[in-house]
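*Asks:*
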Amino acid sequence: PYFENGSYRIAKLMDRRDAPDSVRARHILIRVEPGSDTIAARKRIDSIYTAFVGGTSFDSLAMQYSDDKGSGQQGGDLGFMTQGKTVKSFNNYLFFEGRPTESKIVKSEFGYHLVQIMESKNIQPTVQVSFISRPLEASSETDKIIFDQATQFASVNRTRDEFNKSTSGNKINKQTAPDVQKNAFQLPGLTSARDVVKWAYQVKLNEVSPVFSLQDNYVVAVLTGIKTEGSMSIDDARPQLEAAVKKEKKAQQIITKLSAAASLNATLESIAASGNQPVKNTENVMFANAYAENIGYEPKVIGQVFSMKENTISKPIPGEQGVFILSVKELSPPTPIADYNSFKQQLLGSLQPRVQYGLTEALKKSVKIQDDRYLFF
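Residue numbers (the numbering used here): 2 to 378.
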């Protein structure tokens, strides 16, 4: 046995044989509709098979009698097919049971087929493997043990400080969910956490919850913060501000190093080599598109491209994801617009879907909306 994707599995080799990777076949279908006479359909396909064996061409029989009108007009030709592209019984005959030029009646959920294999390609060894799979799930005994542990934890740790002390350095999986909206249904690591969210909007700061049973998890939560409407507090804004300041200072350091390297090197390649960075190329950069290959989403950087002349090297440019030095190899003038009416229709087509959204947002801003859905759902 081996473990894979949350389950223990046992595999057994059932068969080993040579099989093609693609087959060309033709067929004549006598369709069997639900509730119709299968005996009559079988007699019809038997008669067609007898006529074929007696010398009547497959093409003419398919064109005259096949209920698959698409292939019937092609003499029943289905073209080349790969494994798994058709129903099971049909697939098994084409790839494992049948032989080229051999004909046989095959039954499927569509009805009766007179099938002939015309050509097989790339015959190679294949295997058939059967699996028995059993998911790894907690037993009722294990479930009870974990529930008892969660209940004990919730009863002992009734304050935020006690909660934090008990989870510090412990094997308990503690996660933080910042900025939980009142209508949220999910939390980090929990796909169905609506009960926890509803609880959080009904209790006081630092309160510890009872045990929540959420699918395969038992959850104990503590409310660590409440953000009121209005401007963000300094404490709430601090992580974002610190990240922005660190990013700016880091960019300044990189700009200083790159500027020094640029003063000593005349080419983009030598500047890149001084910082152990590769030179990357990108094509078809457009002023109207703030994203470019090997650059990413960089509006400021891409805007700078169109202020440069060919074969010049820019100064270091701080962007969203790093600091860039650019060299423009070629500038192509825009293609003149031949038909402004057509261009106008293109613009309207791209802008019209935004109208409904814009109207909805304008209505929201024009009135005061109190969203109390979280009290009921």
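By construction, the Cβ of each residue, glycine as well, lies at the ideal position given by its N, Cα and C atoms.
#1: Per DSSP, residue 15 forms a beta bridge with which residues?
#2: Under DSSP, the beta strand (DSSP E) around residue 78 begins and ends at which residues?
#3: Quick one, are the C-beta atoms of residue 164 and residue 209 less than 8 Å apart?
#4: What residues are listed by DSSP as bridge partners for residue 107?
#5: By the three-class DSSP mapping on this structure, what secondary structure does residue 121 have?
#6: For residue 46 versus residue 106, is the C-beta distance shorter than 8 Å?
#7: Compute the Euclidean distance between the alpha carbons of residue 290 and residue 307, then round it to the nearest angstrom.
#8: I need the boundaries of the beta strand (DSSP E) containing residue 29, first residue and last residue.
#9: Please report the straight-line C-alpha distance between residue 117 and residue 8, rounded to a whole angstrom.
#10: Does DSSP put residue 51 in a helix, a strand or coil?
#11: Let me know the secondary structure DSSP gives residue 270 once reduced to three states.
#12: Please name the residue in 196, 371, 241 and 86 whose C-alpha comes closest to that of residue 230.
#13: Whether or not the region 77–97 and the region 17–30 are in contact is what I'm after, with contact meaning three or more pairs of Cβ atoms, one per stretch, closer than 8 Å; do they touch?
#14: Would residue 256 pass as a contact of residue 319 if the rule is Cβ separation under 8 Å?
#15: What are the boundary residues of the alpha helix (DSSP H) that residue 202 is part of?
#16: Take residue 206 as the anchor and find which of 222, 195, 215 and 250 has the nearest alpha-carbon.
#17: Taking only three categories from DSSP, how would you classify residue 165?
#18: Figure out for me which residue from 19, 17, 114 and 95 has the closest Cα to the Cα of residue 63.
#19: Would you identify the three-state DSSP class for residue 181, choosing helix, strand or coil?
#20: Touching or not, the region 116–131 and the region 87–97, by the rule of three or more beta carbon pairs under 8 Å?
#21: Around the Cβ of residue 21, are there at least 16 other Cβ atoms within 10 angstroms (buried) or fewer (exposed)?
#22: Look up residue 4 in the DSSP assignment and say whether it is helix, strand or coil.
#23: With 16 other CB atoms within 10 Å as the buried threshold, where does residue 288 fall?
#24: Between 156, 24, 133 and 336, which has its C-alpha nearest residue 85's C-alpha?
#25: Between which two residues does the alpha helix (DSSP H) containing residue 62 stretch?
#26: On a Cα-Cα basis, can you pick out the residue from 120, 162 and 374 that is closest to residue 225?
#27: May I ask which residues mark the beginning and end of the beta strand (DSSP E) holding residue 215?
#28: Keeping to the same chain, check which residues put their C-beta closer than 6 Å to that of residue 132; ignore five residues upstream and five downstream.
#29: Quick check on residue 155: buried or exposed, where buried means 16 or more other Cβ atoms within 10 Å of its Cβ?
#30: Taking just the CA atoms, how far does residue 344 sit from residue 269?
#31: Closer than 7 Å by C-beta to residue 92: which residues in its own chain qualify, once you throw out the five before and the five after it? Chain order, please.
#32: Would the beta-carbon of residue 297 fall within 8 Å of that of residue 322?
#33: Helix, strand or coil: how does DSSP classify residue 136 here?
#34: How far does the alpha helix (DSSP H) with residue 358 in it reach, from first residue to last?
#35: Among 216, 193 and 197, which has the Cα closest to the Cα of residue 139?
#36: According to DSSP, is residue 127 part of a helix, a strand, or is it coil?
*Replies:* In short, the structure shows the following:
#1: On the sequence shown, residue 15 is found 14 positions in, with the first residue counted as 1. Answer is none; residue 15 lacks a bridge partner.
#2: Your numbering for residue 78 matches position 77 in the sequence shown. 78–83 is the extent of the beta strand (DSSP E) around residue 78.
#3: Position 163 of the sequence shown, counted from the start, is the residue given in the question as residue 164. Position 208 of the sequence shown, counted from the start, is the residue given in the question as residue 209. Taking 8 Å as the Cβ cut-off, residue 164 and residue 209 qualify as a contacting pair.
#4: Here residue 107 corresponds to residue number 106 of the sequence shown, with the count starting at 1. According to DSSP, residue 107 bridges with 114.
#5: The residue you call residue 121 lines up with position 120 of the sequence shown. In this structure, residue 121 counts as strand in the three-state DSSP scheme.
#6: Numbered from its first residue, the sequence shown carries residue 46 at position 45. Numbered from its first residue, the sequence shown carries residue 106 at position 105. Yes, they are a contact pair.
#7: Against the sequence shown, residue 290 aligns to sequence position 289. Against the sequence shown, residue 307 aligns to sequence position 306. C-alpha separation (whole angstroms): 12 Å.
#8: In the sequence shown, counting from the first residue as 1, residue 29 sits at position 28. That run of the beta strand (DSSP E) goes 23–32.
#9: For this step, residue 117 is matched to residue 116 along the sequence shown. For this step, residue 8 is matched to residue 7 along the sequence shown. Computed Cα separation, rounded: 42 Å.
#10: Within the sequence shown, numbered from 1, the residue matching residue 51 stands at position 50. Helix, per DSSP.
#11: Taking the first residue of the sequence shown as position 1, residue 270 is located at position 269. Three-state result, residue 270: helix.
#12: Residue 230 sits at position 229 when you count from the first residue of the sequence shown. Among 196, 371, 241 and 86, the Cα nearest to that of residue 230 is on 371.
#13: yes
#14: If you number the sequence shown from 1, residue 256 lands on position 255. If you number the sequence shown from 1, residue 319 lands on position 318. Cβ atoms of residue 256 and residue 319: closer than 8 Å.
#15: Start at 1 with the first residue of the sequence shown, and residue 202 comes out as number 201. Premise fails: residue 202 is in no alpha helix (DSSP H) and is neither H nor E.
#16: Working through the sequence shown from its first residue, we reach residue 206 at position 205. Residue 222 is the option with its Cα nearest to residue 206.
#17: In the sequence shown, residue 165 corresponds to position 164, counting from 1. It is helical.
#18: Numbered from its first residue, the sequence shown carries residue 63 at position 62. Looking at the Cα atoms, 114 is the closest of the given residues.
#19: In the sequence shown, residue 181 corresponds to position 180, counting from 1. Of the three classes helix, strand and coil, the one that applies to residue 181 here is coil, per DSSP.
#20: yes
#21: Residue 21 sits at position 20 when you count from the first residue of the sequence shown. Flag for residue 21 reads buried.
#22: Residue mapping note: residue 4 aligns to position 3 of the sequence shown, counting from 1. If DSSP states are grouped into helix, strand and coil, residue 4 belongs with the strands.
#23: To locate residue 288, count along the sequence shown from 1; it is residue 287. Label assigned to residue 288: exposed.
#24: Counting from one through the sequence shown, the residue named residue 85 turns up at place 84. Here the closest residue by C-alpha is 24.
#25: Translated into the one-based positions of the sequence shown, residue 62 becomes position 61. Element bounds for residue 62: 59–66.
#26: In the sequence shown, residue 225 corresponds to position 224, counting from 1. Among 120, 162 and 374, the Cα nearest to that of residue 225 is on 162.
#27: Here residue 215 corresponds to residue number 214 of the sequence shown, with the count starting at 1. From DSSP, the beta strand (DSSP E) with residue 215 extends over 213–215.
#28: Counting from 1 along the sequence shown, the entry for residue 132 is found at position 131. Hits under 6 Å: 10 and 12.
#29: Start at 1 with the first residue of the sequence shown, and residue 155 comes out as number 154. Label assigned to residue 155: buried.
#30: Counting from one through the sequence shown, the residue named residue 269 turns up at place 268. Counting from one through the sequence shown, the residue named residue 344 turns up at place 343. Answer to the nearest angstrom: the Cα atoms are 38 Å apart.
#31: Looking up residue 92 in the sequence shown gives position 91. So the list reads 84 and 85, once near-sequence residues are dropped.
#32: Within the sequence shown, residue 297 is the residue found at index 296, counting from 1. Within the sequence shown, residue 322 is the residue found at index 321, counting from 1. In this structure, residue 322 lies closer than 8 Å to residue 297 by Cβ.
#33: Counted from its first residue, the sequence shown places residue 136 at position 135. The answer is strand: DSSP assigns residue 136 an E or B state.
#34: Sequence index remark: in the sequence shown, residue 358 carries index 357 (1-based). Start and end: 341–367.
#35: By one-based count along the sequence shown, residue 139 stands at place 138. Nearest option by C-alpha distance: 216.
#36: The sequence position of residue 127 within the sequence shown is 126, counting from 1. Three-state result, residue 127: strand.
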